[in-house]
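> Handing you this structure, nothing more for now.
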Amino acid sequence: MNRSVAADETIESVRARLAEAEETLHAIRSGAVDAVVIDGPDGPHVYTLKGADEPYRILVERMKEGAVTLSEDGIVLFANGRFADMVGAPLEQVIGGPLDRFLPAGERPRFAALLQSARSASLRQEFALQRVDGAELACLFSVGPLQVNEDVLVISMVASDLTEQKRTEQAVASERFLRSILEQAAEPIIICDAAGIVTHASQAALALSGGEVAGRPLAQALGLLSVDEQAGKRGLADQLRRVLNGHVLSGVEVRVADEGRGRHYLLSAGPLYDAREQVMGCMVMLTDITARKRAEEHQQVLLAELSHRVKNTLAGVRSIARQTLRHAPSVEAFKGAFEGRLQALAGAHGLLTQSGWSEAELGSLIRQTVLPYLEARAESVSLSGPATHLTPRQVVTMTLVMHELAVNASKYGALSQESGRVTIEWTVDRQGPERVLRLRWTERGGPPVRAPERTGFGTALIERSIAHELDGHTKLEYGPQGLECDLHFPLRGAAADLLREAETPADQPR
Amino acid sequence: MTSQDHTAARHDHFVLRLYVTGASARSTRAIVNLRQLCEAHLSDRYELEVIDLYQRPELAAGEQLVAAPTLIKRLPLPLRRLVGDLSNQQRVMAGLDLPAQAT
């Protein structure tokens with residue numbers, strides 16, 4: 001009985017202790033206690049349930065870097081949430097396993113060596129973490145020993161994501177690349193941000209605007225470049241705003257004042273997009289078309305001039321045709337006379353074309369005009385006089401006059417006989433402010449001549465055209481020894497200035 | 001039942017969960033000790049999840065944890081709990097129902 005009673009009492013006591021223990025555990029589990037008291041060899045220790053290390057845990061959890069503690073052989077003992085994010089695995093799969101499974105196989109020996117060194121020293125090395133999804137993440141690992149207690153050596157590691165830094169490095173490299181393009185570009189190039197503020201300008205753009213372009217609004221910077229009113233300064237500013245809204249502007253002609261002398265440019269502009277396809281600014285490029293513009297203007301002048309000359313020439317030809325026809329006794333006579341005159345006119349044009357239609361030299365003119373009538377007797381004509389440059393108008397008139405004199409001489413005068421000679425002499429005299437050309441045509445050794453009873457077109461041309469066209473004078477004398485023709489006219493126009501002061505004797509015709 | 005079928009089919013496969021508290025010394029020792037033991041006796045036939053109670057308290061729900069570190073053997077059944085830094089290998093082996101002679 002007593003044993004039974006004692007056993008019952010023992011069971012009751014154990015039950016009570018069990019109930020107490022369960023109650024205590026329940027209190028702890030359900031958060032009803034603030035601290036736990038635990039007996040240690042040197043007395044009881046109080047463990048508060050929210051420890052003094054909580055702020056540090058929070059700090060570690062919130063830091064931007066991955067924080068890890070590792071055993072000596074590289075097993076992850078602790079990792080913060082950021083590190084789990086960096087490798088893309090849930091935390092419970094990170095802790096307790098080797099860290100190097102998040103490294104490319106080729107990098108594992110280097111990591112092992114780093115851990116080995118980290119037992120006694122703090123080190124830093126770059127690694128690429130291999131995420132669970134296969135992507136790589138550039139990181140800087142900072143490792144070092146962490147003595148938690150006497151018996152366990154723990155290695156601490158902080159992994160800094162270098163993606164941002166790499167991106168910054170890339171941006172810096174891109175910036176440098178862009179700058180080198182801008183520095184070497186021959187064309188003025190301006191780059192603006194999304195607000196239209198100039199951020200970059202090529203050397204050529206700086207030279208054009210006289211500097212001080214960066215930091216200014218685009219419209220103002222282009223104002224500095226003095227865009228021509230004709231392109232519409234305001235209209236252009238509006239168009240550039242449209243570029244910042246994503247439109248492309250191409251080939252707008254503008255004029256930029258350049259020390260008073262206008263330079264012409266073609267302005268092209270286009271939006272610049274960032275990685276998210278947002279307009280981050282625009283690029284404006286100016287292409288110098290000044291030379292092309294000048295060439296176009298020159299071409300216009302030439303075309304107008306050509307048109308003028310063609311009209312004049314046609315008027316001249318028509319006049320010659322009409323006059324020749326009026327005086328011609330027969331169709332055959334008309335044909336010969338008209339062709340000869342046309343030929344002479346063509347010769348004058350040929351001479352002028354050689355000089356770009358600016359001038360021709362008198363000696364060359366006479367030789368070219370008279371030569372066809374000399375046949376094999378070149379020595380029957382002699383020329384002497386200074387090199388004299390004539391204007392196109394003087395060239396045409398003198399050619400026609402020389403032609404008529406030569407035709408008459410070959411038909412009726414000195415050149416109609418073998419013994420005949422023609423001497424052509426000229427001088428250039430100063431008469432007040434002007435230079436005057438005096439030319440004498442002398443025929444000798446031919447048959448006696450007398451003035452024609454009826455003045456033909458040729459004679460009329462000789463007598464009148466110098467006066468009419470060149471403000472000069474002509475005198476014809478028919479003597480028994482032969483014809484003498486004196487003419488003079490002022491050497492006006494640009495060509496007169498080209499008169500060579502160092503007079504050279506004219507060559508004899510061949 | 002499915003879990004029993006699973007258990008029967010994989011009676012030698014261990015599913016372990018170790019609950020730790022941050023980088024404390026005992027937690028650290030528990031991880032190191034358990035890894036060594038598993039690699040030595042259970043290589044290729046164990047799954048281990050280490051859960052930091054500070055970081056993932058929600059994963060402790062229903063586990064009736066009183067202290068940390070705590071190792072829970074979920075499989076093979078029966079479920080067993082071991083509290084402490086797992087430095088006594090004999091006790092851990094017994095707790096995991098591993099034959100002592102295997103040490």
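Chains as they are written, first to last, in this note's numbering: chain A, 1 to 510; chain B, 1 to 103.
Ideal Cβ positions, reconstructed from N, Cα and C, are used throughout, including at glycine.
Keep in mind the model is a prediction, meaning the values are calculated, not measured.
Taking the continuous beta strand (DSSP E) assigned at Thr199 of chain A, which residues delimit it?
Note, Thr199 of chain A: beta strand (DSSP E), Val198 to Ala201.
> Under 9 angstroms between C-beta atoms, does Arg56 of chain B make it to chain A?
Yes, contact with chain A.
> What residues in the region 18–42 of chain B have a beta carbon less than 7 angstroms from any beta carbon of chain A?
The residues in question are Leu18, Gly22, Ala23, Ala25, Thr28, Arg29, Ile31, Val32 and Arg35.
> Show which residues of chain B have a CB atom less than 9 angstroms away from the CB atom of Glu65 of chain A.
Within chain B, no residue comes near Glu65 of chain A; the closest Cβ sits about 15 angstroms away, beyond 9 angstroms.
> What's the gap between the Cα of Lys311 of chain A and the Cα of Ala467 of chain A?
Their backbone Cα atoms lie some 22 angstroms apart in a straight line.
> Hey, Leu77 of chain A and Thr28 of chain B are a contact pair by Cβ (cut 8 angstroms); roughly how many whole angstroms apart?
Correct: roughly 5 angstroms between the Cβ atoms.
> With DSSP run on the structure shown, which of helix, strand or coil describes Leu236 of chain A?
In the structure shown, Leu236 of chain A sits in a helix (DSSP, three-state: H, G or I).
> When you compare only the Cα positions, how much space is there between Asn33 of chain B and Gln165 of chain A?
Cα-Cα distance, rounded: 39 angstroms.
> For Val248 of chain A, which residues from the same chain have a beta carbon less than 6 angstroms from its beta carbon, with the 5 sequence-adjacent residues on both sides left out?
Taken in chain order, the residues that qualify are Gly270.
> Does Ile28 of chain A come within less than 9 angstroms of chain B when only Cβ atoms are used?
Yes - at least one Cβ of chain B is within 9 angstroms of the one on Ile28 of chain A.
> Whole angstroms is fine: what's the gap from Ser364 of chain A's alpha carbon to Phe334 of chain A's?
When rounded, the distance between both Cα atoms is 28 angstroms.
> Going along chain A, which residues have a C-beta under 7 angstroms from Ile72 of chain B?
Chain A residues near Ile72 of chain B: none, gap ~13 angstroms exceeds 7 angstroms.
> Check whether the Cβ atoms of Glu592 of chain A and Arg440 of chain A sit closer than 9 angstroms, and answer yes or no.
Outside the shown range of chain A, which is 1 to 510, sits residue 592 of chain A, and nothing can be said about it.
> Could you give the distance in angstroms between the alpha-carbon of Val317 of chain A and the alpha-carbon of Gln203 of chain A?
So the alpha carbons of these two residues sit roughly 58 angstroms apart.
> Does the Cβ-Cβ distance between Leu240 of chain A and Ala194 of chain A come in under 9 angstroms?
Not closer than 9 angstroms, so no.
> Please report the distance separating the alpha-carbon of Gly281 of chain A from that of Leu182 of chain A.
Taking the straight line from one Cα to the other gives about 16 angstroms.
> How about Asp100 of chain A and Ala113 of chain A: are their beta carbons less than 9 angstroms apart?
Cβ distance not < 9 angstroms, so Asp100 of chain A and Ala113 of chain A don't count as in contact.
> Quick test of the definition: if touching needs 3 or more C-beta pairs under 8 angstroms, does the region 379–386 of chain A touch the region 474–488 of chain A?
Taking 8 angstroms as the limit for Cβ pairs, the verdict is that the region 474–488 of chain A does not touch the region 379–386 of chain A.
> In three-state terms, what does DSSP make of Pro57 of chain B?
Residue state, collapsed to three classes: helix.
> Might you give, ordered along the chain, the residues of its own chain that have their beta carbon closer than 8 angstroms to the beta carbon of Asp8 of chain A, omitting 5 neighbours on each side?
Counting only Cβ-Cβ distances below 8 angstroms, and skipping sequence neighbours, we find nothing.
> In whole angstroms, what separates the C-alpha of Gly95 of chain B from that of Leu82 of chain B?
Spanning the two alpha carbons is a distance of roughly 7 angstroms.
> So, does the CB of Asp44 of chain B fall closer than 9 angstroms to a CB anywhere in chain A?
Judged by the 9 angstroms Cβ criterion, Asp44 of chain B is not in contact with chain A.
> Just to confirm before moving on: does the CB-CB distance between Gln481 of chain A and Arg450 of chain A stay below 9 angstroms?
Against a cut-off of 9 angstroms, the Cβ pair of Arg450 of chain A and Gln481 of chain A comes out as no contact.
> So, for Gly22 of chain B: in the same chain, excluding its five sequence neighbours on each side, which residues have a beta-carbon less than 7 angstroms away from its beta-carbon?
Within the same chain, Gly22 of chain B has close Cβ partners Asp52 and Tyr54.
> Can you find a CB in chain B that lies within less than 9 angstroms of the CB of Arg17 of chain A?
For Arg17 of chain A, the answer is no, since every Cβ of chain B falls outside 9 angstroms of its Cβ.
> Check whether the Cβ atoms of Val92 of chain B and Ile95 of chain A sit closer than 9 angstroms, and answer yes or no.
It is not a contact, given that the beta carbons lie outside the stated cut-off.
> Between His403 of chain A and the rest of its own chain, which residues show a CB-CB distance below 6 angstroms, the 5 nearest in sequence each way excluded?
Excluding sequence neighbours, His403 of chain A sits near Ala344 and Thr369.
> Can you pull the chain B neighbours of Ile75 of chain A, defined as C-beta to C-beta under 9 angstroms?
Ordered by position in chain B, the residues that pass the 9 angstroms Cβ test against Ile75 of chain A are Ile31, Val32 and Arg35.
> Look up Glu418 of chain A in the DSSP assignment and say whether it is helix, strand or coil.
If DSSP states are grouped into helix, strand and coil, Glu418 of chain A belongs with coil.
> Using CA coordinates, which residue listed in A:Ala346, A:Ala321, A:Val401 and A:Gly350 is at the minimum distance from Ala516 of chain A?
One cannot answer for residue 516 of chain A here, as it falls past the ends of chain A, which runs 1 to 510.
> In its own chain, which residues sit with a C-beta less than 6 angstroms from the C-beta of Leu153 of chain A, not counting the 5 before and 5 after it?
Same-chain partners within the cutoff: Glu72.
> With distances taken Cα to Cα, identify the nearest neighbour of Leu25 of chain A among B:Pro78, B:Ile72, B:Leu65 and B:Asp85.
If we check each option's Cα against that of Leu25 of chain A, B:Leu65 comes out closest.
> Measuring CA to CA, which of A:Gln184, A:Glu375 and A:Gly66 is closest to Ser410 of chain A?
Among A:Gln184, A:Glu375 and A:Gly66, the Cα nearest to that of Ser410 of chain A is on A:Glu375.
> Using a Cβ-Cβ distance under 9 angstroms, would Val152 of chain A count as near chain B?
Chain B, which has a Cβ nearer than 9 angstroms to the Cβ of Val152 of chain A, makes this yes.
> To which residues of the same chain is Asp161 of chain A closer than 7 angstroms at the C-beta, ignoring the five residues directly before and after it?
Result list for Asp161 of chain A: Met86, Leu137 and Cys139, in chain order.
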